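If you count the sequence shown from 1, position 45 lands on 103 in this note's numbering, and the numbers rise without skipping. The C-beta atom is built at its ideal place from N, Cα and C for all residues, glycine as well. Bear in mind that the values here come from a model prediction, so they are computed numbers and not experimental data. Read the structure below first, then the notes.
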Amino acid sequence: MLNLVLIGPPGSGKGTQAIRIARRYQVPHISTGDILRQAVRDETPLGREVAATLAAGGLVGDELISDLVQARLERSDTAAGFLLDGFPRTTAQAQLLDRLRSDLVVIHFAVPEQEIIHRLSTRRCCRSCNLTQSVSDADAPADCPYCGGSLVRRDDDEPATVRKRLATYTALAEPLIALYRSRPAFLTVNGKQAPDRVSEDLFRGIDLVR
Ligand code: AMP
Numbered sequence: 059m060l061n062l063v064l065i066g067p068p069g070s071g072k073g074t075q076a077i078r079i080a081r082r083y084q085v086p087h088i089s090t091g092d093i094l095r096q097a098v099r100d101e102t103p104l105g106r107e108v109a110a111t112l113a114a115g116g117l118v119g120d121e122l123i124s125d126l127v128q129a130r131l132e133r134s135d136t137a138a139g140f141l142l143d144g145f146p147r148t149t150a151q152a153q154l155l156d157r158l159r160s161d162l163v164v165i166h167f168a169v170p171e172q173e174i175i176h177r178l179s180t181r182r183c184c185r186s187c188n189l190t191q192s193v194s195d196a197d198a199p200a201d202c203p204y205c206g207g208s209l210v211r212r213d214d215d216e217p218a219t220v221r222k223r224l225a226t227y228t229a230l231a232e233p234l235i236a237l238y239r240s241r242p243a244f245l246t247v248n249g250k251q252a253p254d255r256v257s258e259d260l261f262r263g264i265d266l267v268r
């Protein structure tokens with residue numbers, strides 16, 4: 059059983075590493091942000107409820123997101139574990155998760171704020187395959203190197219929204235990290251390193267504490 063939780067600011071490389079970790083340890087990657095964005099695109103009742111909050115860079119309510127995660131963790135593919143990316147974001151959400159599952163391995167991605175702002179201003183998402191990458195010229199149109207689809211800036215990566223998301227993250231992450239730091243399976247990874255180095259550190263760390 060491997061119950062992983064990733065905590066890190068937007069642009070910390072969390073999403074990229076989540077895909078690698080999920081593949082290596084064969085656990086489902088559960089990104090609450092991806093679930094909500096998909097609901098907005100599909101115009102489901104949930105999507106209509108959260109669209110304005112996502113566009114503004116705010117957080118959706120604890121109860122709504124906790125119900126969503128609880129329902130997701132009840133699915134059978136989480137029997138041998140899971141990888142949560144973007145949840146918990148608040149101490150109330152962390153308390154709910156503690157009631158649902160124990161033996162969490164919590165990974166904190168540490169990246170300086172200046173680096174985050176630079177990364178997000180050059181981050182683009184492919185309209186077709188949804189993968190994110192960074193572009194060298196923040197103003198020029200570009201195509202996805204994987205599938206040729208067009209790369210666009212995510213609505214919530216607009217500069218004003220990024221500032222709001224970062225401020226929200228900083229205010230909430232500190233108490234969350236304080237809550238988890240004293241646990242035996244808490245890892246901090248230096249997310250400023252190249253992606254392959256981050257993966258190496260992560261795999262080594264997870265293998266040690268699991
Ligand atoms: P992310 O891709 O994780 O940055 O999430 C994108 C957006 O989805 C956030 O800015 C929030 O509006 C919403 N969201 C995702 N996860 C949560 C959460 N655990 N609690 C509240 N809102 C969330």
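- When secondary structure is reduced to three states using DSSP, VAL163 falls in the strand class.
- Taking all protein chains in view, the Cβ of GLN172 is surrounded by fewer than 16 other Cβ atoms within 10 Å, so the residue is classified as exposed.
- Distances from the CA of ALA138 to each of HIS87, ASP100, SER124 were compared; the closest alpha carbon is that of HIS87.
- Here CYS205 has SER186, CYS187 as same chain residues with Cβ atoms under 6 Å from its own Cβ, once five neighbours each way along the sequence are excluded.
- A Cβ-Cβ contact shorter than 8 Å links ALA243 with VAL163.
- Looking at the DSSP output, ALA168 shares a beta bridge with ASN248.
- The alpha helix (DSSP H) runs lying completely inside the stretch 159-239 and spanning 4 residues or more are 171-179, 217-239, given in chain order.
- In the DSSP assignment, no residue is bridged to VAL98.
- With distances taken between CA atoms, LEU209 lies nearest to SER194 out of LYS222, SER194, PRO68.
- Beta-bridge annotation (DSSP): GLY139 is paired with LEU60.
- Residue pairing by DSSP puts SER89 in a beta bridge opposite ASP143.
- Judged by the Cβ position, ILE123 qualifies as a neighbour of the ligand AMP at the 7 Å threshold, a heavy atom of the ligand being closer than this.
- By DSSP's assignment, ILE65 forms a beta bridge with HIS166.
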